[in-house]
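Quick note on numbering: UniProt numbering labels position 36 of the sequence shown as 36, and the sequence is numbered without any gaps. Glycine included, each C-beta is placed from N, C-alpha and C at the ideal position. Here's the structure we're looking at; comments come further down.
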Amino acid sequence: MNADKLQFLKGFITGFLTAIIFIIAFVIVALYYNLEEVL
Numbered sequence: 001m002n003a004d005k006l007q008f009l010k011g012f013i014t015g016f017l018t019a020i021i022f023i024i025a026f027v028i029v030a031l032y033y034n035l036e037e038v039l
């Protein structure tokens with residue numbers, strides 16, 4: 001495996017994890033606000 005492919009893979013994984021973290025955070029905030037409205 002050459003360095004370019006490794007660098008691309010590392011960047012892709014980092015971006016993917018960042019996107020997952022943002023989605024999870026958004027879901028938690030949305031659920032929290034929904035609970036506030038219900039209660």
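Tell me the rounded alpha-carbon separation between glycine 11 and isoleucine 21. 15 angstroms
Where does methionine 34 fall in DSSP's three states? It should be noted that the sequence gives asparagine, not methionine, for residue 34. Helix.
Out of curiosity, what's the CA-to-CA distance linking valine 29 and alanine 19? 15 angstroms
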